[in-house]
Structure formats: C-alpha cells, structure tokens
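Colleague: So the number in our numbering is just where the residue sits in the sequence shown, counting from 1, plus 5. We put the beta carbon where it would ideally sit given N, CA and C, even for glycine.
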Amino acid sequence: MSEAAVICVDIGSTWTKGAIFRRDEDRFSLVKRASVTTSTDHLPDAFYAVLEQLSTIHGEDGQAPLYFSSSAKGGLRVAVVGLVPEMSLHIARLAAFSAGARVVASFPYRLGRASIAEIESSQPDILLLCGGTDGGNERYVTENAQVIAASNFGGTIVYAGNNLATDAVADALANRKLVVCENLMPEYGKLNTEPVRNAIRTVFLDSIVTGKGLSEIVARFGVSPVPTPLAVFNLVQAMGEHLEDWQNFALIDLGGATTDFYSFSEAWFPESDAIIKGIIEPKVKRTVEGDLGMRISAESTFISGGDYLRTALGDEGVLSLQDYVHRLLQNPAHLPTDSKEIEFDRQLAGACIHHALLRHAGTVEEVFTTKGPVLVQAGKDLRRIDKIVGTGGYLAACVRNQQSVSIGDQMPEAAEKVPLVPQSFSYFADRDYLLPFIGCLAKDFPKQAALTAVDYLVQSGDQVQIPSPTLCKGGHFL
C-alpha cells in the first residue's frame, strides 16, 4: 500500500466500519471501505475483520498509519455533579459533551440518597464533580465528595471545582480513583473547559479502553482510540476554523440510540440587544440526546416526541406508529418494508431532529424591569446558522434513496421563551457516511480533513425552512 494512504476504523454499537484514504497534497480521497457487524463480546474481532476486508496488513511492518474511534458498549458515560444549574452544572455538561461523552445523569447543589442511587444505577464511567469559583463556595463540593465516598460508585471521579476545596475533596476521596484538574469556572462566567476535556480523555485512554475491550487493539497497533463523538467534534471545529464559507453551521448525527447535535457559530451577538442569563456558550458546542434515536431509543423517541408525532400523523397514525415501535424494540436491525413503515421512520427522524434542535438552541424572552422591558437570552443563538449537515445511517440512506428529510418543520407556537433556531439554511448530507472516518483525521490533519469532508457532502435539493417564532421589542423584530 502507498505510504500516502491512511486507514480509519470506527467501532460502533451495531456496525464496525473501515476505510482507506489516499493522502493527497491538501486533502484525502476515498480508496476503499468495508463494514461488518460489531462483535460486542470481543470488539477486536470486528476490527480485524474490517482490516481483512480492506485487504491490508498492519502489524510491526505496517504499511499505513491507523486511526480509530469507538462508541461501542455505550460509549463514554459521564455523570455530572455541579452547584448552580445555569452556571457550573451547565458548563460541566458542555465540557463532558465536547469530550465526546454521553451525560447519563446530572445533579445540582447537594447530593441526596435518590441522586446517589441514580448514579449507582446508571453506572457512569466517570463522575465529574465541580462547583464554586476559586476562593468561593467550598461547602457543597466538600459535602458532595463525602457522600460520593460513602456510595457504591466504582468509576473514576474528576474534580474540577473551587481550588480551595481541593484538599478536602482529595481527603474525602482518598480511597477512590480521583483525578484533579483546574476549575471549570475559576471566575464567575469564565469558562475553562480544556483541562477537564483533557482529563476525561486521559481517563478514557488509561482505564475505560481496557473495560471496553479495546486494549488489545492498542497493544497490537500502538495507537489509541478516540470516542467517536469527539472525532466528529474535532471535525466540526476544523471545518469552522479552516473553511471560509463554514463559519455558521450545524451538524446532526442521527443514530439508533442517540441524536447528537453540533454547532459552530458565535453564541451571542451584541446587536441583538439581548442580555445574557448565565454564561456565553462556546463557539463549538455539542449536545447529545439519549432519549432520541431511530431504533434502540425508538420507544423513548415516541414518548418524548409525542406532540410532534401526533401533529404529523394524527391519533390513528400514532397508534399504528406505536405498534411499529414495539416491533423495532424486538428487532432493532429492522428496515422498513413498505411505504407506511418508510413514513414512520421519516416521522421518527423528524421528532429526533426537532427535539434535539430545540434542546441545543438557546431561548430569548422579554422580561419587565423597573426600567422597562428587556430581552434576556439563555443558551446559544442559532439564527445565523446557514448550513446544516446530516450524518448517521438513516440520513445517509435518505439521500441515497431520494427520500425527503423532515427537519424541525414544527416550531412551538408563540410563547414567552422563543427558541433561537436557524431561520434559513442549506442542507448537506453525508451520503456515504464518511464523516466519522474523516473525524479520526481531524486532530492531526485539521485543514485536510475539513476539505475532505466538504468534498464528500451532497447538497440536498431545496433549501429547508424552519418557521421561527419572532419576539418583538419596542417595534423592532429580533
């Protein structure tokens, strides 16, 4: 194989996929790809099978660099314990998401018995403990550390709170696996997420890789994996930083178990006349919705998206959809067999994307003060997003089969809090489902990976419009 080639493998919960890319001067081009069913009992089996399909030998005299990612066996699971919901807890969730984690539970203020029971039952790989600015509140993080120490939680604890409480936290957790890093919010409203992201990645490599069955691959090939969502996050960041026309875009990764939403854009614009409640969110943001998915999470999608689905299908249609969802639970690998099931999948996808978008987007509301009405923004303003990328098995298949994709075409009616969603954008599809592979390359080759990603995106027919409620202030529309 040419020295200019690279091998990328992504180990998913259902499928393990691989691709060979040729490295050209400023980008990569696809040479060959392969996929096999993931062997959850022993993840390396599927990994080796993909390499064999790619007809390459990569050992001590390997002929091409290898990059791989994994989201198998639940991916990277994190529970978050913070202080104030809109501040330290919110920042901690964003940091965990940006490290490629799935947040399985989050708790503000003081941990009680019910909270500890939920942490123990959800079995996170990492518990992220934070709260208090440096020199600020020490009581909550210290008491929470003592409660955690008395629990049955057996994973790694990452502490990223008030530096004055570090010794007390370390003493309380002396018999636990503890990693201490810099405070997530050393000053009020100031974000410091990179140390936490690095700590989570280190824990993933040092301990979680062994638990997920990936250490054999690491030992044989001498390369470490990244969580698949982190690979995609790195790619989103690379595209925004290196491509002039991609300064305001979002990416939706719609899977069988989760729906991930990424955005690259400024979170707040001074000309909006809105004041910020809480923090100004980062330019690159990821959220993941564990209750929104096409197969494994179909039942929770049906529940969470009930209003959306009822509006789209009517009461009788929802009853038929419920029967379909029950069949999906029995056989998550099921593919639609007729036009009715195709429509059910389309509406499930619409519900997933609709709710993932609303949860990712910020809101604005009019608040009356002694000086008159003011606009208050919480979260991220997505109204300047002008491109959305769709990836994941279903969205890729939609474009290949020339099926329409429903994206958030039902917005909430006029309400006190108005969602700051994209108003007009072009839709691009990852038709060949290559972005997870290209994401593996984004850290070492950011510009080349960004150019490659755009090369393989396909713009879908018509521009999709999202009807967005508008809030009026003093006669001027936002």
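Three or more C-beta pairs closer than 8 Å, one from the stretch 325 to 339 and one from the stretch 373 to 387: is that the case here?
Modeller: Contact between the stretch 325 to 339 and the stretch 373 to 387 is absent, because fewer than three Cβ pairs lie under 8 Å.
Colleague: Can residue 130 and residue 82 be called in contact, C-beta distance under 9 Å?
Modeller: As a first step, residue 130 must be located in the sequence shown, where it is residue number 125. As a first step, residue 82 must be located in the sequence shown, where it is residue number 77. Yes, these two residues count as a Cβ contact at 9 Å.
Colleague: Distance cutoff 9 Å, beta carbons only. Does residue 461 sit that close to anything in chain D?
Modeller: Considering every chain present, this structure includes no chain D. It has just one protein chain.
Colleague: Taking the Cβ atom as the reference point for each residue, do residue 168 and residue 200 lie within a distance shorter than 9 Å?
Modeller: Translated into the one-based positions of the sequence shown, residue 168 becomes position 163. Translated into the one-based positions of the sequence shown, residue 200 becomes position 195. Their beta carbons are not under 9 Å apart, which means residue 168 does not touch residue 200 by this criterion.
Colleague: Is DSSP giving residue 450 helix, strand or coil here?
Modeller: Within the sequence shown, residue 450 is the residue found at index 445, counting from 1. If DSSP states are grouped into helix, strand and coil, residue 450 belongs with coil.
Colleague: Under 9 Å, do residue 233 and residue 441 count as touching if we go by C-beta distance?
Modeller: For this step, residue 233 is matched to residue 228 along the sequence shown. For this step, residue 441 is matched to residue 436 along the sequence shown. Cβ atoms of residue 233 and residue 441: closer than 9 Å.
Colleague: Helix, strand or coil for residue 208, going by three-state DSSP, please let me know.
Modeller: As a first step, residue 208 is located in the sequence shown; it is residue number 203 there, counting from the start. In this structure, residue 208 counts as helix in the three-state DSSP scheme.
Colleague: Just to confirm, are residue 59 and residue 38 a CB contact at a threshold of 9 Å?
Modeller: The count along the sequence shown starts at 1 and reaches residue 59 at position 54. The count along the sequence shown starts at 1 and reaches residue 38 at position 33. Yes.
Colleague: Quick check: the stretch 237 to 249 against the stretch 89 to 97, are there 3 or more CB pairs under 8 Å?
Modeller: At 8 Å Cβ cutoff, the stretches do not touch.
Colleague: Which residue marks the beginning of the beta strand (DSSP E) containing residue 242, and which one marks its end?
Modeller: Numbered from its first residue, the sequence shown carries residue 242 at position 237. Segment 233 to 247 is the alpha helix (DSSP H) holding residue 242; no beta strand (DSSP E) there.
Colleague: Helix, strand or coil for residue 250, going by three-state DSSP, please let me know.
Modeller: By one-based count along the sequence shown, residue 250 stands at place 245. It is coil, neither helix nor strand.
Colleague: May I ask which residues mark the beginning and end of the beta strand (DSSP E) holding residue 49?
Modeller: Start at 1 with the first residue of the sequence shown, and residue 49 comes out as number 44. First-last for residue 49: 48 to 58, but that is the alpha helix (DSSP H), not the beta strand (DSSP E).
Colleague: Using CA coordinates, which residue listed in 340, 251, 102 and 389 is at the minimum distance from residue 403?
Modeller: Position 398 of the sequence shown holds residue 403. The residue with the shortest Cα to Cα distance from residue 403 is 340.
Colleague: From residue 19 to residue 42, what does the alpha carbon distance come to, in whole angstroms?
Modeller: Taking the first residue of the sequence shown as 1, we reach residue 19 at position 14. Taking the first residue of the sequence shown as 1, we reach residue 42 at position 37. Looking at the two C-alpha atoms, the distance is approximately 6 Å.
Colleague: With C-beta atoms as the reference, is residue 254 less than 9 Å away from residue 394?
Modeller: By one-based count along the sequence shown, residue 254 stands at place 249. By one-based count along the sequence shown, residue 394 stands at place 389. Yes. Within cutoff.
Colleague: Given a threshold of 16 other Cβ atoms within 10 Å of its Cβ, counted over all protein chains shown, does residue 230 qualify as buried or as exposed?
Modeller: As a position in the sequence shown, residue 230 is number 225, starting the count at 1. The residue is buried, with at least 16 neighbouring Cβ atoms inside 10 Å.
Colleague: Roughly how many whole angstroms lie between the Cα atoms of residue 276 and residue 189?
Modeller: As a position in the sequence shown, residue 276 is number 271, starting the count at 1. As a position in the sequence shown, residue 189 is number 184, starting the count at 1. Roughly 28 Å separates the two Cα atoms.
Colleague: Is it buried or exposed for residue 64, if we count other Cβ within 10 angstroms and need 16 for buried?
Modeller: Along the sequence shown, read from residue 1 onward, the residue named residue 64 stands at position 59. With a pLDDT of 44 at residue 64, under the threshold of 50, the predicted position of this residue should be treated as unreliable, though the coordinate-derived value follows. Classification for residue 64: exposed.
Colleague: For a minimum of 3 consecutive residues, which ranges assigned as the beta strand (DSSP E) are wholly contained in the stretch 127 to 168?
Modeller: For the stretch 127 to 168, whole beta strand (DSSP E) runs of length 3 or above, ordered along the chain, are 131 to 134 and 161 to 164.
Colleague: Any contact of the stretch 311 to 330 with the stretch 384 to 401, i.e. 3+ C-beta pairs under 8 Å?
Modeller: Counting Cβ pairs under 8 Å, fewer than three are found: no touch.
Colleague: Is residue 153 closer than 9 Å to residue 134 when the C-beta atoms are compared?
Modeller: The residue given as residue 134 occupies position 129 in the sequence shown. The residue given as residue 153 occupies position 148 in the sequence shown. Cβ atoms of residue 134 and residue 153: closer than 9 Å.
Colleague: Do residue 26 and residue 446 have their CB atoms nearer than 9 Å?
Modeller: Along the sequence shown, read from residue 1 onward, the residue named residue 26 stands at position 21. Along the sequence shown, read from residue 1 onward, the residue named residue 446 stands at position 441. Yes, these two residues count as a Cβ contact at 9 Å.
Colleague: For residue 436 and residue 278, I'd like the C-alpha separation in whole angstroms.
Modeller: For the purposes of this step, residue 436 is taken as the residue at position 431 of the sequence shown. For the purposes of this step, residue 278 is taken as the residue at position 273 of the sequence shown. Cα to Cα, residue 436 sits roughly 40 Å from residue 278.
Colleague: Check for me: the beta strand (DSSP E) holding residue 23 runs from which residue to which?
Modeller: By 1-based counting over the sequence shown, the position of residue 23 is 18. Run containing residue 23: 20 to 28, per the beta strand (DSSP E) assignment.
Colleague: With a cut-off of 8 Å on the beta carbons, I'd call residue 292 and residue 266 a contact; round off their distance for me.
Modeller: Taking the first residue of the sequence shown as position 1, residue 292 is located at position 287. Taking the first residue of the sequence shown as position 1, residue 266 is located at position 261. Going by Cβ atoms, the distance from residue 292 to residue 266 rounds to 5 Å, so yes, they are a contact pair.
Colleague: Assuming residue 69 contacts residue 12 under a Cβ cut-off of 8 Å, what Cβ separation, rounded to an integer in Å, is found between them?
Modeller: As a first step, residue 69 must be located in the sequence shown, where it is residue number 64. As a first step, residue 12 must be located in the sequence shown, where it is residue number 7. About 5 Å separates the two Cβ atoms, so the contact holds.
Colleague: With a threshold of 16 other CB atoms inside 10 Å of the CB of residue 180, please say whether the residue is buried or exposed.
Modeller: Stepping through the sequence shown from its first residue, residue 180 is reached at position 175. Classification for residue 180: exposed.
Colleague: Excluding five sequence neighbours on each side, which residues of the same chain lie with their C-beta closer than 6 Å to the C-beta of residue 349?
Modeller: Residue mapping note: residue 349 aligns to position 344 of the sequence shown, counting from 1. Result list for residue 349: 326 and 329, in chain order.
Colleague: What span of residues does the beta strand (DSSP E) with residue 279 cover, start to end?
Modeller: Numbered from its first residue, the sequence shown carries residue 279 at position 274. First-last of the beta strand (DSSP E) with residue 279: 279 to 281.
Colleague: So, is residue 360 buried or exposed, given that buried needs 16 or more other C-beta atoms within 10 angstroms?
Modeller: For this step, residue 360 is matched to residue 355 along the sequence shown. Answer is buried; the Cβ neighbour count reaches 16.
Colleague: Assuming residue 96 contacts residue 48 (C-beta within less than 8 Å), just tell me the rounded distance between them.
Modeller: As a working note, residue 96 is residue 91 in the sequence shown. As a working note, residue 48 is residue 43 in the sequence shown. Actually they do not touch by this definition, with Cβ atoms about 33 Å apart.
Colleague: Which whole-angstrom value describes the C-beta separation of residue 387 and residue 427, a residue pair presumed to lie in contact below a C-beta threshold of 8 Å?
Modeller: Counting from one through the sequence shown, the residue named residue 387 turns up at place 382. Counting from one through the sequence shown, the residue named residue 427 turns up at place 422. Indeed, because the Cβ distance is near 5 Å, the residues count as touching under 8 Å.
Colleague: Could you check if residue 149 is buried or exposed, using at least 16 other CB atoms within 10 Å of its CB as the buried criterion?
Modeller: Translated into the one-based positions of the sequence shown, residue 149 becomes position 144. Result: buried.
Colleague: Do the CB positions of residue 251 and residue 382 come within less than 9 Å of each other?
Modeller: In the sequence shown, counting from the first residue as 1, residue 251 sits at position 246. In the sequence shown, counting from the first residue as 1, residue 382 sits at position 377. Cβ distance not < 9 Å, so residue 251 and residue 382 don't count as in contact.
Colleague: Could you compute how far the alpha carbon of residue 285 sits from the alpha carbon of residue 239?
Modeller: Reading the sequence shown from its first residue, position 280 is the one you call residue 285. Reading the sequence shown from its first residue, position 234 is the one you call residue 239. Residue 285 and residue 239: Cα-Cα distance of roughly 21 Å.
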